[in-house]
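Protein sequences appear in the order of chains A and B.
Residues 561 to 957 in our numbering are what the first sequence lists, from first letter to last.
Residues 1284 to 1781 in our numbering are what the second sequence lists, from first letter to last.
Using N, Cα and C, we set each Cβ at its ideal position, and we do this for glycine too.
Data block below; observations after.
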Amino acid sequence: MSEINVKPEASGRAAKLAKDLVSGNALIPVLAVLASFVVGGILIALSNENVQAAAGYFFARPGDLFNAVWQSVFGAYEALFRGSIYNYQADNFGDGILSLTQTLAYATPITIAGLGLAVAFRSGLFNIGGTGQIIFGAVASAVVALYLPIWPGPLHFLVAILAGVLGGALFGGFVGFLKATTGANEVIVTIMFNYVAVFMLHYSLTTWLKAPLALNPQSSPLPQDTLYPLLAGTKYPLHAGFIVMLLAVAGVWWLMNRSSVGFHFKALGHNPSASRVAGINIGRTYFLVMAVSGALAGLAGTSQILGTEKYLGTGVAATYGFDAITVALLGRSNPIGVLAAGLLFGGLRAGAVTMQANQNVPIDIVYVVQSMIVLFIAAPPLVRSIFFMPKSKEAKA
Amino acid sequence: MKLELRGITKRFGSLVANSDVSLTVMPGEIHCLLGENGAGKSTLMNVLYGLYQAEAGEILLDDKVVKFAGPGDAMAAGIGMVHQHFMLIPVFTVAENVILGHEPTKFGGVLDMAAARAKVREISDQFGFDLDPDAIVGDLPVGVQQRVEIVKALISNAKVLVFDEPTAVLTPQETDELMTIMRALRERGTAIVFITHKLREVKEVADKITVLRLGKVVGEASPKDSANDLASMMVGRAVDLEGSKTAAKPGKASFVVAGLSAENRSGTKVLDDVSFEIHDGEILVIAGVQGNGQTELTEAILGLQSSTAGSIQLNGQELLGRSVKSVLDMGVGFVPEDRTEDGLVADFTIAENLMLDRADRKPFVSGLNLQLKYLRELATKLVSDFDVRTQSIETKAGKLSGGNQQKVVLARELSRELKLLVASQPTRGLDVGSIEFVHEQIVKTRDSGLPVLIVATELDEAVQLGDRIAVMYRGKIVGIVPSSTPRAVLGQMMAGIS
Chain A
561 MSEINVKPEA
571 SGRAAKLAKD
581 LVSGNALIPV
591 LAVLASFVVG
601 GILIALSNEN
611 VQAAAGYFFA
621 RPGDLFNAVW
631 QSVFGAYEAL
641 FRGSIYNYQA
651 DNFGDGILSL
661 TQTLAYATPI
671 TIAGLGLAVA
681 FRSGLFNIGG
691 TGQIIFGAVA
701 SAVVALYLPI
711 WPGPLHFLVA
721 ILAGVLGGAL
731 FGGFVGFLKA
741 TTGANEVIVT
751 IMFNYVAVFM
761 LHYSLTTWLK
771 APLALNPQSS
781 PLPQDTLYPL
791 LAGTKYPLHA
801 GFIVMLLAVA
811 GVWWLMNRSS
821 VGFHFKALGH
831 NPSASRVAGI
841 NIGRTYFLVM
851 AVSGALAGLA
861 GTSQILGTEK
871 YLGTGVAATY
881 GFDAITVALL
891 GRSNPIGVLA
901 AGLLFGGLRA
911 GAVTMQANQN
921 VPIDIVYVVQ
931 SMIVLFIAAP
941 PLVRSIFFMP
951 KSKEAKA
Chain B
1284 MKLELRGITK
1294 RFGSLVANSD
1304 VSLTVMPGEI
1314 HCLLGENGAG
1324 KSTLMNVLYG
1334 LYQAEAGEIL
1344 LDDKVVKFAG
1354 PGDAMAAGIG
1364 MVHQHFMLIP
1374 VFTVAENVIL
1384 GHEPTKFGGV
1394 LDMAAARAKV
1404 REISDQFGFD
1414 LDPDAIVGDL
1424 PVGVQQRVEI
1434 VKALISNAKV
1444 LVFDEPTAVL
1454 TPQETDELMT
1464 IMRALRERGT
1474 AIVFITHKLR
1484 EVKEVADKIT
1494 VLRLGKVVGE
1504 ASPKDSANDL
1514 ASMMVGRAVD
1524 LEGSKTAAKP
1534 GKASFVVAGL
1544 SAENRSGTKV
1554 LDDVSFEIHD
1564 GEILVIAGVQ
1574 GNGQTELTEA
1584 ILGLQSSTAG
1594 SIQLNGQELL
1604 GRSVKSVLDM
1614 GVGFVPEDRT
1624 EDGLVADFTI
1634 AENLMLDRAD
1644 RKPFVSGLNL
1654 QLKYLRELAT
1664 KLVSDFDVRT
1674 QSIETKAGKL
1684 SGGNQQKVVL
1694 ARELSRELKL
1704 LVASQPTRGL
1714 DVGSIEFVHE
1724 QIVKTRDSGL
1734 PVLIVATELD
1744 EAVQLGDRIA
1754 VMYRGKIVGI
1764 VPSSTPRAVL
1774 GQMMAGIS
């Protein structure tokens, strides 16, 4: 492939994405989150039965309505806090901090996959295939964990992780290869590959990968020695995948800011024509970007099955593939930003359960908040006008 | 109609684009507004055209103060503008374009195309434009499209015509024809403002010259003044336009192109049996109107053009069939014609751009770790050696002026170990000061004993830089001649007449 003379596509779209990600106002993501919580609050109030009842006799006793609104919104967000950071109603510190470890456990796959997509976005490639790459990584990892039990424990564990990384890298890299050789649009290919991955997973789990006695499409439990070690005892869901996530954050930072490979990635993202003229092999770089991106998604898959679920099921990728896109955008595709966004999403995930259990707030509200974040980020002008911020330079010109 | 601008001041934030600018243009006069890029010429004309509102000053037409809220007011008052970038709809006919905005109608609002055609013919005949009202504008050559723009201005009875850098897109022949048209308009009593930075044209047609520098009028000049004097006024210091180029001392023919042919995607021949050789210590200029195969030629040398036949040899080694990286490794320095698209990554810093083609080589990288300390040192040195005017090497390349961007590209290319320098329109869009610097660097490269290939679309540059000139037309080399060849002959060759 090294000699293929790839013509980059018009640089406009990809370069604009890369530029927007890097040069945008850092306040926008914060405000987008804030605005989404406000919208979420409104929905919580509207869907609350007490509020609806109080609205019925608003003109008789208006105070009741305001009280009900306050109760419902404050109660919901208070529950969200208890479920995601610290449950101060618990008997002891050990029980209270359980919430935070749940947040960290949820945040792990989202953040790692988000890092993968961030690498692609910074390089001007819209990798929408997080879901598929997570699934492929998870399947490769599970197969190694289940069917190659010949090695001693630690080695088996490492090989299982490596298999997941490779699985994701191959699945992602193949898209890069297609783009380099045929000019295929990576957006369409990755979206379609998500379907391929989802249905192949389902097929595998109902046939050759299916646990012999299971009723549901799922694999046998993965061997104990292939699982991520728990970090804080069996009471807490926090596992070593969290450490891997932190290493991945540092690794991606180094890759994109300190390595020659990342320099080429960014050059391609910002200006493919100039990269080509500067002798950078565009085709190979497309392949590498997608392989690295997919590898991280695959790693996220391993943390899901070898850390949290401990078996391979159809829900392995859940919504992580798409959450990762949001996380990468919210974090401006900057590793530290992605970490922050990943923790936020992990917290939303963990807190939503408590919110539903305690306050009877539907868990979907959290999805609405997440979607609103995407909407607000995708529409910076909207965020700007809501918060009376000055126009961007480009909008003025 | 007499046009007078008095004390026009226009600010953009803290930037003063025009400061107390005054200008008087009499009917039947060609008044040149001369100045470098960014001197405030276009801003001034946009104030006149009602696109900008001035903070201070007034506009007088026939000694009466007028105020324009927009271009519509200006047009109604008899001011017409021929823009640098044509405001034409390519799929419309000439007549349709000309009447756009003030369409003649018959009873019941029916478009009166017959009247439109007649009007176009009338004006076309009056000035010898030779326009077919029913031709589709997109099919016409650039020079003819420009005449459509002029007709558009004349049809609304413009008494003052502003030409904004009108020759930038024209061939030498078309430029001559435009000059003739401008003279004809002058005879008819039109007041003409001619914005340009090309001294040759100024000297040819101007009756009066006003020189702008950094938003201020630095003085009036006469077309009889020497080009060097005019350039000095424009730049604000002594300028040597002819350059101090000594005669070339050519060595062996080290760069040989033989029988080079290439087709584009639709199968049209874009390079047709191109052959030439360049000696060590010699500059060969490929002259021609843009789009006659020059881009494809430089791309073929660099390994960017895939479907090529023939041979390109540098010091006996074949370049064709190699990857871009391997061509660069053989010592080919390349200055692309579009520096913002192909030469630089606008969002990267100056320092990052300086290692764009070498980020994976020692000493820029060790293992996979970029050596940022080395890069900073090198960038600091190159920025001072190549006189890049910037506050910091961390400034984004996109924020630099065109001249400084080109210096960054040159610094990157010339700081490598070179065996050949290829530069495509190296001074396109640059101001006089930067042109001087770029030309110096190119001649210096030649004098160090390298073969140099320059692609030029302007005769001035071709004659000034070239030791020999190869004229290209429709993918073919029409002829290779010494740079002392008369311009008229070169111009004819560029039009395909050999």
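| Asked | Found |
| --- | --- |
| H762 (chain A) to P772 (chain A) span [Cα, whole Å] | 15 Å |
| Test: V1628 (chain B) CB closer than 8 Å to a CB of chain A | yes |
| Sequence-distant residues of its chain with Cβ nearer than 8 Å to V1518 (chain B) (five each side left out) | E1319, R1496, D1714, V1715 and G1716 |
| Spatial neighbours of S571 (chain A) in its chain, beta-carbon cut-off 7 Å, leaving aside the 5 residues before and after | With a pLDDT of only 48 at S571 (chain A), under the threshold of 50, the placement of this residue in the model should not be trusted, and no figure is reported. |
| Whole beta strand (DSSP E) elements within the region 1745-1778 of chain B, 3-residue minimum | 1751-1756 and 1759-1765 |
| Amino acids of chain A, ordered along the chain, whose beta-carbon sits closer than 8 Å to that of E1624 (chain B) | S571, N831, S833 and A834 |
| Close beta carbons around I1569 (chain B), own chain, < 6 Å, minus the five adjacent residues each side | Q1577, V1738, A1753 and M1755 |
| Listed by chain order, chain A residues near P1619 (chain B) by CB distance under 7 Å | V837 |
| L603 (chain A) versus A:D924, A:R682 and A:I946, residue with shortest Cα-Cα distance | A:D924 |
| Segments assigned beta strand (DSSP E), at least 3 residues, entirely inside the region 644-679 of chain A | none |
| In DSSP terms, what E1582 (chain B) is bridged to | None, per the DSSP bridge assignment. |
| Minimum Cβ-Cβ distance from A1642 (chain B) to chain D less than 8 Å | The structure shown contains no chain D; the protein chains it does contain are A and B. |
| Beta-carbon proximity check, L594 (chain A) vs V812 (chain A), cutoff 8 Å | no |
| Residue range of the beta strand (DSSP E) that includes K1528 (chain B) | No beta strand (DSSP E) contains K1528 (chain B), which DSSP labels as neither H nor E. |
| Residue environment, K953 (chain A), which counts as buried when at least 16 other CB atoms sit within 10 Å | Confidence in K953 (chain A) is poor, its pLDDT being 46 and thus under 50, which makes the residue's placement unreliable; the coordinate value appears in the next sentence. Answer is exposed; the Cβ neighbour count stays below 16. |
| Residues that A912 (chain A) contacts on chain B, provided the C-beta gap is smaller than 8 Å | Under the 8 Å cutoff, chain B gives no residues; its nearest Cβ is about 38 Å from A912 (chain A). |
| Residue from B:N1301, B:L1331, B:V1299 and B:I1561 with nearest C-alpha to G1599 (chain B) | B:I1561 |
| DSSP three-state assignment for N1329 (chain B), whether helix, strand or coil | helix |
| Cutoff 8 Å: F1295 (chain B) Cβ touching any chain A Cβ | no |
| Cβ contact check for the region 1402-1410 of chain B and the region 1370-1389 of chain B: 3 or more pairs under 8 Å | yes |
| Q1577 (chain B) Cβ short of 7 Å to the ligand GDP heavy atom set | Ligands are entirely absent from the displayed structure, and the ligand GDP is therefore not among its contents. |
| DSSP state of G1593 (chain B) mapped onto helix, strand, coil | strand |
| F681 (chain A) at chain B interface by Cβ criterion, 8 Å | no |
| Chain-ordered neighbours of P877 (chain A) on chain B, where CB pairs are closer than 7 Å | Correcting the residue type first, residue 877 (chain A) is Ala in the shown sequence and not Pro. Under the 7 Å cutoff, chain B gives no residues; its nearest Cβ is about 31 Å from A877 (chain A). |
| Which of helix, strand or coil DSSP assigns to I1291 (chain B) | strand |
| Any C-beta of chain B under 8 Å from that of R892 (chain A) | no |
| Helix, strand or coil at I564 (chain A) [DSSP, three-state] | Note that I564 (chain A) has pLDDT 43, beneath the 50 cutoff, so the model's placement of it is unreliable and no number is given. |
| Test: K956 (chain A) CB closer than 8 Å to a CB of chain B | At K956 (chain A) the pLDDT is 39, less than 50, meaning the model places this residue with poor confidence and gives no usable figure here. |
| Y796 (chain A) versus L664 (chain A): straight-line alpha-carbon distance, rounded | 10 Å |
| Local conformation of S1297 (chain B) per DSSP, three classes | coil |
| Test item: CB-CB of P1310 (chain B) and K1350 (chain B) under 8 Å | no |
| Test: L1653 (chain B) CB closer than 8 Å to a CB of chain A | yes |
| CB of E1719 (chain B) within 8 Å of CB of V1522 (chain B), strictly | yes |
| Backbone CA spacing between A1583 (chain B) and S1766 (chain B) [nearest angstrom] | 25 Å |
| Exposed unless 16 or more other CB atoms sit within 10 angstroms - verdict on E1744 (chain B) | buried |
| Coil, strand or helix - E638 (chain A) by DSSP | helix |
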